[in-house]
Each structure stands twice: as structure tokens, then as C-alpha cells.
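When you read off a place in the sequence shown, starting at 1, and then add 11, the result is the number in this note's numbering.
Just below is one structure, and these are the notes that go with it.
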Amino acid sequence: MSTRRLSGTAFGTRKPLMNENSNVVAMPPKRKMVCHHGPTNTFFLATPIGQVSLTSCPRGLHSISQSSTLSDSDFSPDVKCKVKLESQLYCDNGYTYTPALHCITWLTAFFSRQHSDHVPAFCPSIVSDDSFRSRVWVRLMEAAPWGTTISYKDLSVAAGKDNASRAVGQAMANNLFMLLVPCHRVVRSDGALGNYAHGRRNSVKQWLQDFEKGQV
């Protein structure tokens with residue numbers, strides 16, 4: 012049975028996928044309730060640094076990340092690539108994912124070098140006021156604007172905890188919101204790049220710094 016020209020929709024209710032003979036071929040996966048603010052969905056985007064995925068619930072963002080398999084050996088940036096929504100994990104079920112839409116707009120501005128201070132909302136179940144890690148993330152967004160860098164030591168001071176460079180390093184290693192929380196701007200005290208994604212994507216960190224300086 013041919014399954015070409017599958018119909019269905021990426022938006023609206025959860026509808027079956029059908030072939031040209033109107034026979035049901037498959038149902039899109041059911042989304043899982045993983046957040047008490049509502050179901051999450053994951054959106055896959057084309058960007059100059061390759062595919063980026065963002066996960067959101069109706070209340071706010073849960074993560075922004077590159078593929079977990081990406082490494083320096085296969086990083087192939089394309090500065091001419093336009094940010095574009097390619098697909099999403101689940102068909103929409105009536106929720107409007109405003110934070111995801113805002114994030115796509117923000118990423119489009121970022122890669123157009125029209126950086127914006129109007130950032131999309133984080134889900135409060137992910138970013139909390141009583142977490143040092145969350146405080147570091149939020150403070151970094153304020154302390155290291157576009158085209159600048161900040162040391163782990165200075166960021167620990169900015170986050171209100173002197174001599175906590177190691178804890179700041181852990182917060183960066185576990186950053187759930189790449190680009191939006193700009194861990195690529197955090198460097199060692201001697202100006203050395205430091206590790207990015209546990210040292211597997213240092214070329215991504217260097218490219219992002221060069222991109223912000225207009226060198227690519």
C-alpha cells in the first residue's frame with residue numbers, strides 16, 4: 012500500500028495520517044504529560060549551527076539544545092542558513108505554545124545579529140528562584156551581553172556567591188537553554204575558551220563567539 016502524500020497536520024487536533032486512498036496509515040504519537048503546567052512539545056529548527064530542538068509547555072520553555080550526538084568532528088556551520096521550523100514531535104492538541112513561538116522569533120533575531128532583550132519565558136518548574144543554578148543562568152543573561160565574555164569567577168560573584176567557580180562551571184555544563192542562556196560567553200580567567208558541552212563542541216563555542224564579533 013502506498014503511503015505517499017500522507018495527510019494530517021502539524022497543528023490542530025490529533026488527526027490520523029492517511030494515504031491518498033483515505034486509508035488510515037498511522038496515528039501521530041500521543042504527547043506525554045511531563046509538566047503540571049500542561050503537555051510539552053518539542054520543535055525542531057534548522058539554524059546556522061545545525062538542527063536545534065526546543066521543548067516547551069504552554070507556560071514556558073523547558074530546553075533549547077543541539078543534537079546530543081553532535082561533536083567537533085561533524086560540526087559544519089552555515090551562516091547563510093535561515094532559522095526555520097522543520098517539524099515537531101507531536102501534533103498540537105489545542106494548546107498555543109506562545110513561549111515556543113517567541114523562542115523561534117528570538118533565535119531568528121539572534122542569527123540575524125538583531126539580538127533582543129525580550130526573551131521568551133522559562134517554565135517555572137525548570138527555572139526556580141531558589142536554585143543557585145537558575146540564579147547563575149539568569150545572571151549570565153544580564154552580565155554577559157552580545158559580543159562579550161565573562162569569566163567563571165566573575166560570574167560567580169555576579170550570582171552572589173564568591174569563589175564558586177566550580178559551581179558555576181557545573182551550572183554551565185548543565186545549561187538547558189543554549190544561546191538564550193549564553194554559556195558560550197563564559198571563559199576561563201586567563202581568557203581561554205574552556206570546555207563546551209563537556210569538551211565535545213568547543214568549535215561551536217568558538218564559532219558563536221566569532222559570530223557575535225562579526226568575524227564569520
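Where a beta carbon is used, it is the ideal one built from N, C-alpha and C, also for glycine.
- Separation of A175 and V149 (C-alpha to C-alpha, rounded to the nearest whole angstrom) is 16 angstroms.
- Counting only runs of 4+ residues, the alpha helix (DSSP H) found wholly inside the region 110-195 occupies 143-154, 163-169, 176-184, in chain order.
- For a cut-off of 8 angstroms, the C-beta gap from V94 to I75 is around 12 angstroms, too long to register as a contact.
- Taken atom to atom, the span from the alpha-carbon of Y163 to that of G171 is near 13 angstroms.
- In the three-state reduction of the DSSP assignment, N206 falls in the coil class.
- In the DSSP assignment, no residue is bridged to N213.
- The three-state secondary structure of F222, taken from DSSP, is helix.
- If you draw a straight line from the Cα of F55 to the Cα of P110, it comes to about 14 angstroms.
- Taken atom to atom, the span from the alpha-carbon of L65 to that of T53 is near 6 angstroms.
- Taken through DSSP and simplified to helix, strand or coil, S76 comes out as strand.
- With contacts defined by Cβ atoms closer than 8 angstroms, K224 and H195 do not form a contacting pair.
- Looking at the DSSP output, T66 bridges to T53, S74.
- Taking the Cα positions, V198 is about 6 angstroms away from G205.
- Of the residues V147, S87, Q220, H47, the one whose Cα lies closest to the Cα of L187 is V147.
- Across the structure, D173 and S167 are spaced so that their CA atoms are roughly 6 angstroms apart.
- Contact between P135 and R70 holds: their C-beta atoms lie close to 7 angstroms from each other, under 8 angstroms.
- Using a 10 angstroms sphere on the CB of V45, the tally of other CB atoms stays under 16, which defines it as exposed.
- With respect to the C-alpha of G180, the residue from L151, L191, V227, C102 having the closest C-alpha is L151.
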